[in-house]
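Just so you know, the working numbering puts 380 at position 377 of the sequence shown, and the rest follows in order with no gaps.
Glycine included, each C-beta is placed from N, C-alpha and C at the ideal position.
Just so we're clear, the structure is a prediction, and the values are computed from it rather than from any experiment.
Below is one structure, written out as structure tokens; the observations come after it.
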Amino acid sequence: MNFIERFRAALRIPTWWPAAALPDDKDAESVLLRFQEFLMEHYPAFHHAAQRWALNPYSVVYRWPGSNGQNISQNTLDDSGGAVLFLAHYDVVAAETEKWSVDPFGAEMRDSFIYGRGSLDMKSILISMMEAAENLCAAGFKPKQDIWFAFGGDEERTGIYGAIEAAKWFTARNQRFAWILDEGTPIGENQIKGVNTPLALISIEEKGFLSLDVRVTQEPGHASRPPWTQAAQVLGRALCRIAKRPFPRRLTPTVESFFAEVSSYMPGITGFVMRHARAFGPLFFAAAGSNPAIDSMLRTTVAMTQLEGSAADNVLPSEVRAVLNLRLLPPWTVEKAIDFIRAAIHDKRARVSVHGLGTNPVAATDNFRHSGWPEIEAALKTAWPGIPPVPFIMTATTDSRHFQKLTGGIFRFNPHKLNPQDLGGIHGHDERISVENLERGLHFYTALLGAL
């Protein structure tokens, strides 16, 4: 097998979780374990050089010892500040097979693209890391500093048994890292109006995640005798009030840096306004906020994702429910966001509660360019010559948020050049990656790992 064939073989392992699967679902776990075994089978040189800890089916950790690292046993780790951690996940979201033009787990190649669930999110990154490490080990390379990998099997389901367990494992052993690299934003192509130059969007900040239930109750009954005020009406008014009172826009230092650097690629007055975003204030917000993608970088967003009512069309429900998904811009916290939503609704009949787990945003560190950024930038020049890196904010969530106490710098980056159509395949239909992107990604990780 070559690199492309191994990647396609990895895609054929259906590491998705059925919606009803429980954490100890043996069928789901067996597939996750099969992927772990796949890595051991196909990357022998790396597994000979590295130490491996399989924490559970959802979490596997590797240490690739560096020449400057200490000699450590399987159970005692050092507190090397120079160590680096690479994160990835091998689980994928489910696929609506009938809406795909190919088998989601068939890894079909068509017109220099490989189709499959996980081809972008994110087996391409994980396999590229392993290929790079394998090739370097086979060539006799030994890193100067310890390189760690932590791969999770439940990132798409909050990471509670994968990344969170790995973070606890590192914390218990007092292991810290100079910097961490996880999945993230890509090399953007035609994603920002007026910018024709591809930009490597390296996220140094991550928005928080919060889902809220908004519930209204009433006496159930026959639909032929509705009350004057129905629960659905109260809920509808609550949702309208939320829509009419969005979270305020704010220019974080990260986003300000992004626009300042991008402005040099934007023509005329637009570039001037972007370069001086804070000085222009309302004018900048009015211009940038007209684009939903840009607006999401400037405020905490609220998406109304689920509505539930009666199970029958002739029955008054005892409860109606809406689910709101919020992405929290720093410095908003879970608690402050809940208070804001309750104040916007201003109706005690609509009860607001947290749905699942909420996480606060992860703000960037002031010195993010000192450690990690230079190494990533150098690898980028090798894989994608001429494409400049710019700081960015991750509007989705990644496993890296669980490791923030273990490092002073987290970077979230996908070393593939993606356009809006490509990005639509992530969690969508006909997810695919080009062979060129795969090969460039391998060059990126080979250069990055080889420099450590």
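{"Check": "I need the straight-line Cα distance from A460 to A175, nearest angstrom please.", "Outcome": "Because the chain spans 4 through 455 in this model, residue 460 falls outside it and cannot be assessed."}
{"Check": "So is G156 buried or exposed if we call it buried at 16+ other beta carbons inside 10 Å?", "Outcome": "buried"}
{"Check": "Is E99 helix, strand or coil when you go by DSSP?", "Outcome": "coil"}
{"Check": "Just the C-alpha distance for Q54 and W67, rounded to the nearest angstrom, thanks.", "Outcome": "7 angstroms"}
{"Check": "What do you get for L123, buried or exposed, if any count of 16 or more other CB atoms within 10 angstroms of its CB means buried?", "Outcome": "buried"}
{"Check": "Who are the Cβ neighbours of A340 in its own chain at under 7 angstroms, not counting the five residues just before and after it?", "Outcome": "L213, T303, L329 and L331"}
{"Check": "Where does A169 land, buried or exposed, given buried means 16+ other C-beta within 10 angstroms?", "Outcome": "buried"}
{"Check": "Quick one: what's V64 bridged to in DSSP?", "Outcome": "W56 and A153"}
{"Check": "Taking only the alpha-carbon atoms, compute the straight-line gap between M307 and P334 and give it to the nearest angstrom.", "Outcome": "22 angstroms"}
{"Check": "Measuring only the C-alpha atoms, how far is G453 from A325?", "Outcome": "50 angstroms"}
{"Check": "Quick check: does the Cβ of I344 come within less than 7 angstroms of any heavy atom belonging to the ligand COA?", "Outcome": "Ligands in the displayed structure: none, and consequently the ligand COA is not present."}
{"Check": "Which runs of the alpha helix (DSSP H), 4 residues or longer, sit entirely within the segment 245-304?", "Outcome": "256-265, 271-278, 280-283, 285-291 and 295-298"}
{"Check": "Use the C-beta contact count for S33: other C-beta atoms within 10 angstroms, 16 or more gives buried, fewer gives exposed.", "Outcome": "exposed"}
{"Check": "Taking DSSP as the reference, what is the three-state secondary structure of D425?", "Outcome": "helix"}
{"Check": "Which of the three DSSP states is assigned to G187 in this structure?", "Outcome": "strand"}
{"Check": "Any idea what DSSP makes of V219, helix, strand or coil?", "Outcome": "strand"}
{"Check": "If A203 and I396 are in contact, beta carbons under 8 angstroms, what's the gap, nearest whole angstrom?", "Outcome": "About 14 angstroms separates the two Cβ atoms, so there is no contact after all."}
{"Check": "List the whole-angstrom C-beta distance separating R404 from E209, where the pair is believed to meet the contact cut-off of C-beta under 8 angstroms.", "Outcome": "6 angstroms"}
{"Check": "So who's on the other strand from G211, going by DSSP bridges?", "Outcome": "L331"}
{"Check": "Which class does F416 belong to by DSSP, given the choice of helix, strand or coil?", "Outcome": "strand"}
{"Check": "Could you name the residues that DSSP lists as bridge partners for R354?", "Outcome": "R218"}
{"Check": "By the 10 Å Cβ neighbour count, where 16 or more other Cβ atoms means buried, how is N78 classified, buried or exposed?", "Outcome": "Below a pLDDT of 50, predicted positions are generally treated as unreliable, and N78, at 43, falls in that range; the measurement from the model is reported next regardless. So N78 ends up on the exposed side."}
{"Check": "Taking its Cβ as the centre, do 16 or more other Cβ atoms sit within 10 Å of I272, making it buried, or is it exposed?", "Outcome": "exposed"}
{"Check": "State the Cα-Cα distance for the pair L409 and V87, rounded to the nearest angstrom.", "Outcome": "11 angstroms"}
{"Check": "Could you spell out where the beta strand (DSSP E) holding Y118 opens and where it closes?", "Outcome": "F116 to Y118"}
{"Check": "Should Y420 be labelled buried (16 or more other beta-carbon atoms within 10 Å of its own) or exposed?", "Outcome": "At residue 420 the sequence reads Lys, which differs from the Tyr that was named. It is buried - the Cβ of K420 has at least 16 other Cβ atoms within 10 Å."}
{"Check": "Rounded to the nearest angstrom, what separates Y61 and P17 at their Cα positions?", "Outcome": "14 angstroms"}
{"Check": "Among residues of its own chain, excluding the 5 on either side of E480, which ones have a beta-carbon nearer than 6 angstroms to its beta-carbon?", "Outcome": "What the structure shows of the chain is the stretch from 4 to 455, and residue 480 is not part of that stretch, so it cannot be assessed."}
{"Check": "Let me check understanding here. Comparing Cα to Cα, which of H50, P189, E134 and R443 lies closest to A399?", "Outcome": "P189"}
{"Check": "For V198, which residues from the same chain have a beta carbon less than 7 angstroms from its beta carbon, with the 5 sequence-adjacent residues on both sides left out?", "Outcome": "V265, Y268 and M269"}
{"Check": "Any idea which residues DSSP pairs L202 with across the strands?", "Outcome": "G191"}
{"Check": "Excluding the five sequence neighbours on either side, which residues of its own chain have a C-beta within less than 7 angstroms of the C-beta of E158, listed in chain order?", "Outcome": "H92, D94, G165, A166 and D402"}
{"Check": "Using alpha carbons as the reference points, say which of R248, N59, V438 and W182 lies closest to Q39.", "Outcome": "N59"}
{"Check": "Pick from V217, F49, K147 and E8: whose alpha carbon is nearest that of S70?", "Outcome": "K147"}
{"Check": "Starting from the Cα of L184, find the closest Cα among L360, I150 and P295 and give me that residue.", "Outcome": "I150"}
{"Check": "With the cut-off set at 8 angstroms, would you say I128 and G431 are in Cβ contact?", "Outcome": "no"}
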